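Notes follow once the structure below has been shown.
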Amino acid sequence: MTEETNIVHIERPVPTESDMDTLVSVPTDARERMREAMRQAGLSQAAAAREISISPSALNQWLQGKYAGSNEEIEGKVENWLSARGRKDDVAGALPAIPTFFRSPSSLKIIDTLAYGQMAGDIVCIYGGPGVGKTVSLRQYRDTNPSVWIATMAPDSAPVVPALEEVAEAVGIRDAAGGARKIARAIRRRVEGTRGLLIIDEAQHLSVAALEQMRSIHDATGIGLALVGNEAVYARLTGGTRASHFAQLFSRIGSRLFISRPTIGDVRALAAAWNVKGKAELDLLQQIASKPGALRGVSKVLAYAAMSGGGAEITVSALRHAWSNLGAQE
Ligand SMILES: Nc1ncnc2c1ncn2[C@@H]1O[C@H](COP(=O)(O)OP(=O)(O)OP(=O)(O)O)[C@@H](O)[C@H]1O
Ligand SMILES: [Mg+2]
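When we follow full-length UniProt numbering, the leftmost residue of the sequence shown carries the number 1, and every step to the right adds one.
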């Protein structure tokens, strides 16, 4: 046993006030490894504490050797976190570097539609099946163009105020408060004159009143507006049988793009990103892409197969194995 590990053991019992001075001057191995891991991951103490599930002040005090509570408990949690991180690194090391975005035919269509909306300051609607690559394409467009904001809606953002709060946060207004009129005014001030594009993802969750509110931001500021989501988005815009009530919104849609399912080209592009090109492999991936979840399922199966193959070439049997292990039904 080295001297250093002995020191760790001395430190384990809960320290009393009078022990404090000794503790401060004794760095432990776990502390150093923790500091190094945070440095490597570029994690702040607060972010690391959140991952470890301890309070930031406990981590800070423990790192300084000043923690007055159970050091053993903190160390146990830190060790768990460190070893889970090590396992993740091992897996990541075995995987090929996968781009977070690749130019699939469907995503290029989505990006073109967004570009039109921004350039023309128009309203566009992009809708379709789950897992066809809508959200990843929106993010790619935002990350490569100025003044593009994505607000993602959820079932609880249907009413006007929560919907506006999401938009306020997306455009960088912190802690928007004060009711719909006030938040809408702050948003208008923020986006006016930017020639920007406001993207609402999962727009099917919005009530008609909230959709009208988005339209009014577009009307007042001239920025582009993209309403993106599942098939229900478009149905909501047309208003079904009560179409006349929705004419104001519907008549403003300059371009709409419907992508029901991924194309063969999309599957090929995704497979190529993992260096998979064989016919048997592509046929199987195509079959997976035709199931609900589409490219999401394909991505998961590819990642699983690559992970369990430890970086070896991905074969059709590895894909089958991955697919069945992920609980898919053929
Ligand atoms: N162009 C792409 N580049 C990288 N990954 C992609 C691309 N297209 C699809 N994917 C993969 O497919 C998965 C699903 O894509 P995404 O989340 O964008 O689907 P979506 O159309 O927004 O689905 P939903 O309607 O369920 O929100 C992504 O997590 C990613 O793994
Ligand atoms: Mg999505």
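The beta carbon of each residue, even a glycine, is placed where N, CA and C say it ideally should be.
These figures come from a predicted structure and were not determined experimentally.
If you look at Leu282, you'll find it in the alpha helix (DSSP H) that goes 279–289.
For Lys134, the CB falls within less than 7 Å of some heavy atom of ligand 1. At least one heavy atom of ligand 1 falls within 7 Å of the beta-carbon of Arg296. At least one heavy atom of ligand 1 lies closer than 7 Å to the C-beta of Gly131. The residues Glu212, Arg215, in chain order, have a CB closer than 8 Å to that of Gln248 in the same chain once the five nearest residues on each side in sequence are set aside. The way I'd put it, the segment 133–142 doesn't touch the segment 179–192; fewer than three beta-carbon pairs between them come closer than 8 Å. Per DSSP, Leu206 is not a residue of any alpha helix (DSSP H), being assigned neither H nor E. Per DSSP, Thr152 is one residue of the beta strand (DSSP E) stretching across 148–152. Short note on Asp143: C-beta not closer than 7 Å to any heavy atom of ligand 2.
Pro262 counts as buried, since no fewer than 16 other beta carbons sit within 10 angstroms of its beta carbon. For a cut-off of 8 Å, the C-beta gap from Gly293 to Gly131 is around 5 Å, short enough to register as a contact. When rounded, the separation of the alpha-carbon atoms in Ala180 and Glu169 is 14 Å.
Excluding its 5 nearest sequence neighbours in each direction, Ala203 has C-beta neighbours in its own chain below 7 Å: Met153, Leu227, Val228, Gly229, Val233, listed in chain order. At a cut-off of 7 Å, the beta-carbon of Asp283 does not count as near ligand 2: no heavy atom of the ligand is closer than that. Under the DSSP assignment, Gly297 falls in the alpha helix (DSSP H) whose first and last residues are 294–308. Looking at the DSSP output, Val124 bridges to Ala226, Ser255.
Excluding the 5 residues flanking it on each side, Val316 has same chain C-beta neighbours closer than 6 Å at Ala280, Glu281, Leu284, in chain order. Short note on Asp201: C-beta closer than 7 Å to some heavy atom of ligand 2. When the Cα atoms are used, Ala209 and Ala163 turn out to be separated by approximately 10 Å. Taking C-beta separations shorter than 7 Å and ignoring five residues to either side along the sequence, the partners of Trp323 in its chain run Ile288, Val301, following chain order. The beta carbon of Gly222 lies closer than 7 Å to those of Gly121 in the same chain, with the five residues before and after it left out. Rounded to whole angstroms, Phe258 and Ala176 show a C-alpha spacing of 33 Å. Under the DSSP assignment, Leu59 falls in the alpha helix (DSSP H) whose first and last residues are 56–63. Ligand 1 approaches Phe101 closely enough that one of its heavy atoms is under 7 Å from the residue's Cβ.
Under the three-state reduction of DSSP output, Asp201 falls in the strand class. DSSP, read as helix, strand or coil, puts Thr315 in coil. Pairing Arg103 with Ala269 gives a Cβ-Cβ distance under 8 Å. Across the set Glu32, Ala30, Leu63, Arg33, the C-alpha of Leu63 shows the shortest separation from the C-alpha of Ala46. Around the beta carbon of Met119, fewer than 16 other beta carbons sit within 10 angstroms, so the residue counts as exposed. Boundaries of the alpha helix (DSSP H) harbouring Asp266: 264–273, taken from the DSSP string.
Exposed is the label assigned to Asp29, since fewer than 16 other Cβ atoms lie within 10 Å of its Cβ. Going by C-alpha positions, Gly196 is about 10 Å away from Val171. The criterion of a C-beta distance shorter than 8 Å is not satisfied by Ile264 and Val124. The beta carbon of Pro56 is closer than 7 Å to those of Gln45, Ala46, Ala49 in its chain, skipping five residues each way along the sequence.
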